[in-house]
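The structure under discussion appears below in the form of structure tokens.
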Amino acid sequence: MFKSPFDRSKNKTLEEVEEIFRSTREDFFLRKNRNLQFLLQKRYSQIDSLLTNCDRVLEIGTGAGFSKLFIKQKFISSDIANNEWIDECFSAEKIPHKSSSLDAVFTTDTILHLNDPVNFFKEVERVLKPGGLFIIQEINLSLVHKILIKTLNHCTYDYKKNLYLEKNELEMGPFSANAANLDLILSNNKQFNKEFSFEKKIDTKNEFLIYLLSGGITAKFPYINFPRFLLVLIDFLDKILLYFLPNIFALSRNIVFRKSPIKFSQIKYSGWAETVKKQHDCLSFDNYFDIKNNIELINLAIGRAKSYGDVCTLTNQMILKTDHLDKILEIDYKNENLTCQAGVTIDQINNEINNDNYILPVTGGFEKISIGGAIANDIHGKNFFHYKSFGSHINWIKILLSDGDIRVISKDKYSDLFFATVGGIGLTGIILEASIKIIKVKNLGLKVENIVVKNEYIFQHLKKHSRRNDYCYGILSFHSRNKLSFIKLGNFSSEAVVKKRNNLPFLNPFLMSIFFKFSNKFSHRLFYSLLTILYRKRLYKEQVHLNDYLYIYNNSLNYMEGVQIHYVVREADSENAFSKISDLIKSSGSTINLVVIKYFTDCDARYLSFPQNGFAVSIDVKSSKNIKSLIKDIIDTVISLNGRIYLAKDSDLSKDQFSEIFNKEEFREVVIKYNKMMKFSSDAAQRYNLN
Ligand SMILES: Cc1cc2nc3c(=O)[nH]c(=O)nc-3n(C[C@H](O)[C@H](O)[C@H](O)COP(=O)(O)OP(=O)(O)OC[C@H]3O[C@@H](n4cnc5c(N)ncnc54)[C@H](O)[C@@H]3O)c2cc1C
71 MFKSPFDRSK NKTLEEVEEI FRSTREDFFL RKNRNLQFLL QKRYSQIDSL LTNCDRVLEI
131 GTGAGFSKLF IKQKFISSDI ANNEWIDECF SAEKIPHKSS SLDAVFTTDT ILHLNDPVNF
191 FKEVERVLKP GGLFIIQEIN LSLVHKILIK TLNHCTYDYK KNLYLEKNEL EMGPFSANAA
251 NLDLILSNNK QFNKEFSFEK KIDTKNEFLI YLLSGGITAK FPYINFPRFL LVLIDFLDKI
311 LLYFLPNIFA LSRNIVFRKS PIKFSQIKYS GWAETVKKQH DCLSFDNYFD IKNNIELINL
371 AIGRAKSYGD VCTLTNQMIL KTDHLDKILE IDYKNENLTC QAGVTIDQIN NEINNDNYIL
431 PVTGGFEKIS IGGAIANDIH GKNFFHYKSF GSHINWIKIL LSDGDIRVIS KDKYSDLFFA
491 TVGGIGLTGI ILEASIKIIK VKNLGLKVEN IVVKNEYIFQ HLKKHSRRND YCYGILSFHS
551 RNKLSFIKLG NFSSEAVVKK RNNLPFLNPF LMSIFFKFSN KFSHRLFYSL LTILYRKRLY
611 KEQVHLNDYL YIYNNSLNYM EGVQIHYVVR EADSENAFSK ISDLIKSSGS TINLVVIKYF
671 TDCDARYLSF PQNGFAVSID VKSSKNIKSL IKDIIDTVIS LNGRIYLAKD SDLSKDQFSE
731 IFNKEEFREV VIKYNKMMKF SSDAAQRYNL N
């Protein structure tokens, strides 16, 4: 009876595996098997030809080390079995190389020996540079090969596993294998494309007689040394046979994958107010290394595109979407600091820290915005009097500059770059990470009070109440006849124990958007009269969850129609400014959806940051024929009183108006000092003539 030369009776130790490779290698030099030499020469010269132009190449599963004898190109050999011809010893499922650091990875007859080949593919994808090659020469389970495996018992194959869900359970040893590994991974096309960004470039089935005549690579079957011309002829016959019947005869398979040059997609999005709704070219990475490697391509980083205008859009250039930089890295409750990646959203942080009664000192009216966006627009909340703007609570920012340099900047270190980045609408570099302050509050229940005041007194009431209350903002009823406004106060108190968010039905954002879409002056008057009754008679909930008070637009589908102009003028000029702007609105015949007013005190904001001492007013104007000229006139009025426009909500400021408000040259100087040029841009930046 036929006796297989493979001993699979017991598991092999790593030392025994190393010994097998050693004896295979010795045997190769001793026996001078021409047939085997021909086979290996053919295999490796194919790989060699693919490696031209590759600088950093890694072989995985070098085994007996034949590749170094045939491949001229320089490469690093590696294996789990540590013999002297091996450069690096590690498991193929955990490759100790940096992400995106190699031009090519090749492997011969290795994948079948892995417990977790899916993870191996992931590792190879990780270490390859975009566009890098993954070259595979592997056993092919043709009909003949399956018969050989059954007869020789040198390994097994198991088609039942779903390797995307479970691992193999292979015992240790060079011949323990699931020869179906590669087929299992590749046959699930949908899953493969979901998991990996590999494009298949070559897929051929090869080697039949030429392999059988070699006597095997680690096996020591008897063979007859053929002259070279005969081997060439046999190889030619193989080619004809395999051309017609690869699935019956081919014993090996060659595949070459190319890692997609970049994870690139075209995404249609606009700012919140949908002023620029366009297809954008976007990249997205989940690690700093890839971002750094592709820095030359990137012209703007964005968060969740929840700015109203075009600071978060850039037509015909490459945008980095940061939504995959979504990790909260550390929460230090003791020192009240939180470190996170730039794509982390405010609601992600709230979900993490709210249970322990911790909150972010400053957030805006919308929860699903990123930390990168919050910094780059230096957002403000309804508690400016106590906590100023978002930038006041940043310990440090990790920023990637245009030349790939990563710096940690703070109020003390590279302070010019720090202050230019806070509110710098993404033009100073890519914010990768930040450490921010968190604060502990009594509980998350807020006592709410709504005060009804005459329009003419709203500024002075707001100033007084901002000082005395934790949160405070005003809503001015622009079209109502009784000229009454509301001041909404919120205070933490130990009595206001509200554990769950409720999303008050009255403030249902969806209903609100419908209302504002179809509103006119008449519906407005009605709405504000109802509000006056509601507030005067105290018919509202007096205790709400903090987040219901802060984020009333959370579920809004999109902007409420029209344009928002958001300005701040100094305290002394506020009433004058508002009266001039009201006249402009009235004479234009426009409908105003909402006017929200907040009181700002002095703060540390510089360069392009919005806040300055005074009253910040946001006016939602319904679309109309002459809206553009109205907005222009409002901006001119703000400029004439030395006020500022909030860039996060702007889509109208001209380059001259921008230069009158902000010190453009001073900002550009800082950007160029660290970036050598104005590399980062946006549709807004181009409109402002900053680039
Ligand atoms: C309903 C609603 C209510 C709002 N209420 C308020 C409010 O009360 N107060 C307030 O201040 N704002 C408010 N805003 C505005 C909003 O908070 C800001 O526009 C915020 O910056 C949006 O964040 P984002 O993640 O969507 O950033 P995006 O809009 O995507 O980007 C904003 C800017 O940040 C830059 N940026 C983003 N990520 C990075 C990064 N990683 N590196 C470098 N630059 C980056 C972008 O280039 C862009 O210039 C509101 C917005 C909405 C939709």
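Quick note: the sequence shown uses my numbering, first residue 71, plus one each step. We put the beta carbon where it would ideally sit given N, CA and C, even for glycine.
The residue among Lys-391, Gly-632, Lys-290 and Arg-374 with its C-alpha nearest the C-alpha of Leu-367 is Lys-391. Between ligand 1 and His-450, a heavy atom-to-CB distance of less than 6 Å is present.
Cβ-Cβ distances below 6 Å link Ser-377 to Gly-341 and Ala-718 in the same chain, with the five nearest sequence neighbours on each side left out; the list follows chain order.
Residue burial is scored here from C-beta neighbours: Ile-310 has fewer than 16 other C-beta atoms within 10 angstroms and is therefore classed as exposed. With a threshold of 16 other beta carbon atoms within 10 Å, Met-747 falls short and is exposed.
Under a 10 Å Cβ-count criterion, Ile-709 is classified as buried, with 16 or more other Cβ atoms of the shown protein chains found around its own Cβ. Boundaries of the beta strand (DSSP E) harbouring Phe-685: 684-691, taken from the DSSP string.
Taking a C-beta distance under 7 Å as the contact criterion, Asn-427 and Lys-329 do not qualify as a contact pair. With distances taken between CA atoms, Ile-742 lies nearest to Leu-487 out of Ile-165, Leu-487 and Asn-152. Asp-486 is bridged by DSSP to nothing; it lacks a bridge partner. For ligand 1, no non-hydrogen atom lies closer than 6 Å to the CB of Val-197. Short of 7 Å from the beta carbon of Ser-462, and not among the five residues preceding or following it, lie these beta carbons of its own chain, in chain order: Cys-673 and Asp-674.
For Leu-408 against Ile-423, the beta-carbon gap comes to about 7 Å, under 8 Å, which counts as contact.
For Ile-294, the secondary structure class from DSSP, reduced to helix, strand or coil, is coil. Secondary structure within the stretch 305-377: the beta strand (DSSP E) runs of 3 or more consecutive residues, fully enclosed, are 322-329, 334-339, 348-354 and 370-372 (chain order). Out of Glu-739, Leu-711, Asp-706 and Val-740, the CA that lies nearest to the CA of Lys-725 is found in Asp-706.
Secondary structure at Glu-239: coil, using DSSP grouped into helix, strand and coil. The bridge partners DSSP lists for Asp-402 are Asn-407.
Below 8 Å, enough C-beta pairs join the stretch 190-210 and the stretch 160-179 to call them touching: three or more. Taking 6 Å as the cut-off, the C-beta of Val-381 counts as close to a heavy atom of ligand 1. Per DSSP, the continuous beta strand (DSSP E) segment holding Ala-174 begins and ends at 172-178. Relative to ligand 1, Thr-392 has its C-beta within less than 6 Å of a heavy atom. Among the bridge pairs identified by DSSP, Met-388 is matched with Asp-351. Restricting attention to Asp-643, Phe-299, Gln-613 and Phe-319, the CA atom closest to the CA of Lys-275 is found in Phe-319.
Pairing Leu-370 with Ser-752 gives a Cβ-Cβ distance under 7 Å. Distances from the CA of Thr-415 to each of Gly-442, Tyr-716 and Glu-406 were compared; the closest alpha carbon is that of Gly-442. Taken in chain order, the complete alpha helix (DSSP H) segments of 4 residues or longer contained in the stretch 425-505 are 441-446, 454-457 and 485-491. Within the same chain, Ile-704 and Thr-707 come within 7 Å of Ile-651 by CB-CB distance, once the 5 residues on both sides are set aside. Distance from the CA of Asp-720 to the CA of Ala-343, rounded to the nearest whole angstrom, comes to 10 Å. Looking at Ser-699, His-594, His-636 and Gly-560, the one whose alpha-carbon comes closest to that of Gln-682 is His-636.
As DSSP reads the structure, His-615 sits in a beta bridge with Gly-515.
Contact between the stretch 476-483 and the stretch 533-552 is absent, with fewer than three C-beta pairs closer than 8 Å. In the DSSP assignment, Leu-559 is bridged to Glu-519 and Cys-542. Cβ neighbours of Ile-476 within its own chain (closer than 8 Å, five residues either side excluded): Tyr-358, Lys-362, Lys-468, Ile-469, Leu-470 and Leu-502. By the 16-neighbour rule on beta-carbons within 10 angstroms, Tyr-114 is buried.
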